[in-house]
Structures are given as structure tokens and as C-alpha cells.
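>
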Amino acid sequence: MQTLHSARAKLDSALDEYTNVCAALTNSRPIPSLNYSQSLRDEMDAGIELLTTFEKRTAQIKYTLNKAINSLVVPANSLPDEILSRIFHFTINLQFSSFEEFVDSGELSTNSLAISQVCTRWRQVAFGSKSLWTHIDLAACNGLFPLAQLFAARSGDLPLSVRAVERIDLPNQWNNFLLNELFEAVGHRLETIDLNLGQSLLFPNIRFSTLRSLVHCTPGKLTQLVLSDRKIFMDTHISDKYLKASEHWFIIHNEFRLPRMTGRDDYMNRYSYPVQLDISQERLEEILYHVKILKLDQIYPLWTSKAYHGLTELRLTGPRMLTAAIGEQQFANILTASPKLRVLHFGLEISLEETPPAPVRLEDLEVFLLQSFSFDTQQAVLRLILPGTKRLEMSTTYNEYLVELPAPIEEEYCRFFKRSNIVQLHVHSEPLLVHLVQLLALLPNLEVLILNQVSIQELNLPEHVSTPLCPNLRSIYCMSGSIRMNAIRWIVGTHNLEKVVIWNSRVLGANGDDERECKDLLADISPPVQILEYEGHPEPFRVEGWGWDMEDRMVISAETAYVVR
1 MQTLHSARAK LDSALDEYTN VCAALTNSRP IPSLNYSQSL RDEMDAGIEL LTTFEKRTAQ
61 IKYTLNKAIN SLVVPANSLP DEILSRIFHF TINLQFSSFE EFVDSGELST NSLAISQVCT
121 RWRQVAFGSK SLWTHIDLAA CNGLFPLAQL FAARSGDLPL SVRAVERIDL PNQWNNFLLN
181 ELFEAVGHRL ETIDLNLGQS LLFPNIRFST LRSLVHCTPG KLTQLVLSDR KIFMDTHISD
241 KYLKASEHWF IIHNEFRLPR MTGRDDYMNR YSYPVQLDIS QERLEEILYH VKILKLDQIY
301 PLWTSKAYHG LTELRLTGPR MLTAAIGEQQ FANILTASPK LRVLHFGLEI SLEETPPAPV
361 RLEDLEVFLL QSFSFDTQQA VLRLILPGTK RLEMSTTYNE YLVELPAPIE EEYCRFFKRS
421 NIVQLHVHSE PLLVHLVQLL ALLPNLEVLI LNQVSIQELN LPEHVSTPLC PNLRSIYCMS
481 GSIRMNAIRW IVGTHNLEKV VIWNSRVLGA NGDDERECKD LLADISPPVQ ILEYEGHPEP
541 FRVEGWGWDM EDRMVISAET AYVVR
């Protein structure tokens, strides 16, 4: 700042001096000689020429000063580079979350480049933050491939995450040349592959172009593989062609040969199809062996693959038409090979063994989603899993065969509840009668209870009973179902609740009381009971990973009487 002040003072002084000299010329006496007159004329011409150049230079100086002033008054530019870089990360991650919308609309987004085009400092910070460019989004649009190459270059040699998104409504024509060119260049750096599939899942014989990325991976580098069905997580109606499909696929190597006679069912059934990659068995298994997070919807490595070894997160969901895609022993082998599972999301139907396999201890299990629909599969899966003592969040369907929760007989749900430290339970089923007191008695450590599309029954005990069955219970959500007045009064009166939410549900009295009057009576209850209508209020609780298509799956399963193909 001192240097700037000194330079400005010298400039001001020089201009004053030059102004005074020029003013003195107008008051000077007649020029005594011709030679002197010519020299003076040349000097004044040079002064005029110099002042003309000064106009351009002063304009440039003004531009530079204004740019510097803007940098000073914008709060972001007062932040250290590290903080500015973190803000850039948050901004780009927000843009990534909207990428699927851009794909479906057919628009190409290059907004992620904007942060490097605002000003010189932002550009320097953006280019200096290599981790800012490690996530690459792809779609069947040729214009995105140069952008992907640019991201790969700016990220230096850091590991990369690639997400390829297919349009939900149109067949996707990938440019295989550009795909191969990109994956050949970055395959050795791929840490995460996330393929969001759309129309591809309709066609049994299609070649999944984006799966070729696996061929170019380096063993030991790939740690997360996601092959997802986009329709699972879209809040839209699913057409019958998806709901009534049983097709699923297995990833195979170029040496695979299906057994001709015995053992054939260990690999494929009549509803499964191969997706063959141009890679040897040894190479494919080396690549998949180091994966820790595996999320698969309808496309799987063979059940004997090393892909299922040493996992910490596993999601397996199947076609919407109930179809046996895995054997009971095969699933037991997978659990045995991954004893450190922290997250298990299971939505397949199982073919049972004559002799059930031994249960598997999962000491680190913290999140368990069970989305199977057939009674036999639900019972088999629950029988297989022995959770440890860690806090467990559980979401589950519940087959209408049992009618009631808890069931009047001892079955695997009751046994699983008793042996698990469940702190959050989400039940999604219809139709289902829930006996609240008996259910809570099985879940002494429960903190959050979410009941979706169930009917909470009248209590068969005096309302003044004050013993809390779940001392840590804080929140209850009743959604798209019904609940009895005395059940609400009992649970609120006996537990130190912080939140009770009734959404899109009926509140019923003991004697057929008017529903509106029942809801009005809840106004005096503490804590306040939130009664929300469907219109104008979004679903108050969503379990991460619980598909939006679950209700459609329930309908199609009920229509077929839960028969598994």
C-alpha cells in the first residue's frame, strides 16, 4: 500500500509540474530565433503524442484498479485459498446432484467450469485444487467426453470417480469409440464406477456399453461399484413392462462356458442373461476382489465371484416380478465372505435349500434394509443374520401372510428383533395390523419408529399403565395408515417423546368417533401431535436407499399372491 501511495503522489506531482510548464508557454515572450522556435514546436508535438498514449494507459490503469477494488469488496476473495476451495467443492457437488435432470432434459451442462472463469484468483484456486476435478459425469452425449477428458487432466494423478447416467425415457446410443478412448485413458485411476441404468434394463440381449469400463480398471484401485436402476429412486409411476419383468443379468468373463447338465442352475436360470466382457476370468476377479462397496440392481457378478469378499456395504435388489435370483446357500456364502458388513440392503428372492445353512455373525452391521416380499425369503434372510451389539437401523417389508406384527406365533421377525440392538425400525407393508405394546416390548432400545401403510390397533390394556417399554423412544411416524386414539394417548403418556407425526393417516376412536373430532382432541396432548395431510406436505420421513417403487412392487406382488418364479 505504501508503494502505491508513493507512486500516486509522484504521478500527481509530475502532472502538476507539466501543467504549470504548459501554462507558462502561453505567457512567454515572442520566440527570438527560428531554430529555437522549431525545437520548441517539436517538443510540444511530442508532448501531445505522449498525452494521447497516456489516455490508453490511464484507461488500462483504471480497469486494473477497478478490478482490484472489486476483489477487495467481494467477501469470498478475502477468504484463504483452502476455504475458497472447500466452497468450490460444495458448489460442484450441488451441480452433480442435478445431473440426472440435465440428462433427461437433453441439456448439456458445463456449469462446473464456471468457477474457473470468474476471475484470475478463482481460476488459480480451482486449477490448484486437483480434488475438485476427480468426479466425472457422463451421458450418451458426445459433447460430454471432451469435458470428461478436461476433468481427468486437471485432477492430475488422483483417483477418479465416474458416473454414467442413461436417460429414463429413451434408448441410449453410446458412442463406443469415445467410451473406450476415455476409459483407456483413465481406467487405471478409476476408484468408483457408478452406472445409472434406464432403458438398457428393458432389453435382454443389449450390450451394456458402460460396463466396458471394468475392463480397463487396475486391480487394487477400484473400491466402489454401483450398477443401479434409475427407476427405483424416481417418484413416478412405473409402467407394466418394468413391473412385470423378471429379467436380470450376470457379468461373465470371455472364458465363461455354461455347464451343459448338472450345476447349470448354480449360474443362471431361465430369466437371467449373460453380459460378457472382453476380459479374462483372472483379470476380472483381481479387479473385483478389492471392491469394498457394492450396490447392484438386477446386474451382478456371478454369485461365486470374489466381488462379494471383504465388503463393508452390499446392496442386492432384483426384478420387480418376484423371481428367485439367488440360492439360500449362495447368499450365506456371501455373508460369510464379508463378515465386516456395515450396511446390508437385500431385495432379492431366494430359492430355499433342503437343509438351511448356518447363521452368519455380522458384528459390525449398522444398517439393514430388507426389501424381499415372499414370506419364505424374509424368514430365510432373517434366520441367516446374527447382528452384533452395535446400534442397528432396520427397514423392512412384512409379508401379509402373517397379517399381524408381531405375529401370533414365534417366527423369524420376533427372533431377529429380540437378538438385535435395533434403535430405528421402519416397517412398510399393507395390509398389516400392528399391536404397538407387543411390538415395543421386543425393541427395548428403540429410539425412532416409522410405520408406513399399517393399522395401529386398539390397546388391550388400561391407559393409565405408565411403564415405558422403550425408555429411549423419541420419535414416532405413522404414514398412510391408521392409528387408534388410545394408542396415541398411551404412547405419549408413557414415553418422553419429542415428536409424533401422523401423515396422510386416519385417527380412529374406540366407538367409531368422528375422525375430525379425534384429531381435535389431540391438540391438548404434549408433545404436540403433528397431523399432516397428503396435499401440501411431503412425506415426513424417508429412509435412505428405500426405493420410491416399493408401493408398485407391493401391488404387483399381491396380484400374483407372492408367488416366486
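Just so you know, UniProt numbering puts 507 at position 507 of the sequence shown, and the rest follows in order with no gaps. Built from N, CA and C at the ideal position, the CB exists for glycine as well.
Consult DSSP for residue 571 and reduce its assignment to one of helix, strand or coil.
Because the chain in this structure spans residues 1 to 565, residue 571 falls outside the shown range and cannot be described.
> Within 10 angstroms of its Cβ, does S505 collect 16 or more other Cβ (buried), or is it exposed?
With 16 or more Cβ atoms within 10 Å of its Cβ, S505 is classed as buried.
> What are the partner residues of V427, as DSSP defines its beta bridges?
Paired residue(s): T396 and L451.
> Give a yes or no on whether the C-beta atoms belonging to I422 and L443 are separated by under 7 Å.
Taking 7 Å as the Cβ cut-off, I422 and L443 qualify as a contacting pair.
> Could you check the C-alpha separation between C478 and N486 for me, to the nearest Å?
So the alpha carbons of these two residues sit roughly 15 Å apart.
> Tell me, please, whether the stretch 410-417 touches the stretch 379-397 by the rule of three or more beta-carbon pairs shorter than 8 Å.
Touching, yes.
> Inspect the CB distances between the stretch 174-191 and the stretch 273-289 and report whether three or more fall short of 8 Å.
No: the two stretches stay apart, fewer than three of their Cβ pairs being nearer than 8 Å.
> Taking R553 as the reference, give the member of G220, G310 and L243 with the closest Cα.
Nearest option by C-alpha distance: L243.
> Just reading off the beta strand (DSSP E) that N196 is part of, what are its end residues?
From DSSP, the beta strand (DSSP E) with N196 extends over L190 to L197.
> Is DSSP giving Y273 helix, strand or coil here?
Correct three-state label for Y273: strand.
> For Q298, which of helix, strand or coil comes out of DSSP?
Of the three classes helix, strand and coil, the one that applies to Q298 here is coil, per DSSP.
> CA-CA distance, L302 and E349?
Computed Cα separation, rounded: 16 Å.
> Out of curiosity, what's the CA-to-CA distance linking I491 and V448?
C-alpha separation (whole angstroms): 13 Å.
> For the beta strand (DSSP E) containing P387, list its first residue and its last residue.
P387 -> beta strand (DSSP E) spans I385 to P387.
> Could you have a look at Q330 and say whether DSSP puts it in helix, strand or coil?
Helix.
> Can you list, in chain order, the residues of its chain with a C-beta nearer than 8 Å to that of S419? Leave out the 5 residues immediately preceding and following it.
Note on identity: in this sequence residue 419 is Arg, with Ser being the wrong assignment. Closer than 8 Å at Cβ, skipping near neighbours: L386 and P387.
> Got a sec, what are the start and stop residues for the alpha helix (DSSP H) M550 sits in?
M550 to E559 is the extent of the alpha helix (DSSP H) around M550.
> For M305, which residues does DSSP report across the bridge?
Checking the sequence, you will find Ser at residue 305 rather than Met. None, per the DSSP bridge assignment.
> Counting along the chain, where does the beta strand (DSSP E) carrying R163 start and finish?
Start and end: L160 to V165.
> Starting from T317 and walking both ways along the beta strand (DSSP E), at which residues does that stretch end?
Unbroken beta strand (DSSP E) run through T317: E313 to T317.
> Do you know how far the Cα of G310 is from the Cα of P357?
Taking the straight line joining both Cα atoms gives about 20 Å.
> Got a sec, what are the start and stop residues for the beta strand (DSSP E) S347 sits in?
Checking the displayed sequence, the identity of residue 347 turns out to be Gly instead of Ser. Counting along the chain, the beta strand (DSSP E) containing G347 begins and ends at V343 to G347.
> Is there contact between the stretch 129-142 and the stretch 159-168, where contact requires at least three CB pairs shorter than 8 Å?
Yes, the stretch 129-142 touches the stretch 159-168.
> From the DSSP secondary-structure annotation, give me the bridge partner or partners of M485.
None, per the DSSP bridge assignment.
> Ignore the nearest five residues each way along the sequence and tell me which others in T317's own chain have a CB closer than 6 Å to its CB.
Here the set comprises D297 and G347.
> Can you list, in chain order, the residues of its chain with a C-beta nearer than 6 Å to that of N175? Leave out the 5 residues immediately preceding and following it.
If we look at N175 and ignore the five residues flanking it on each side, its Cβ neighbours are N142.
> Using beta-carbon positions only, say whether S246 and Y273 come within less than 7 Å of one another.
Not a contact, by the Cβ cut-off of 7 Å.
> Contact defined as beta carbons within less than 8 Å: I believe L179 pairs with S209. What is the distance between those atoms, to the nearest angstrom?
Contact flag correct, Cβ pair sits at about 6 Å.
> Since T389 and V564 should fall inside the 8 Å C-beta cutoff, what is the C-beta to C-beta distance between them, to a whole number of angstroms?
About 34 Å; that fails the 8 Å criterion.
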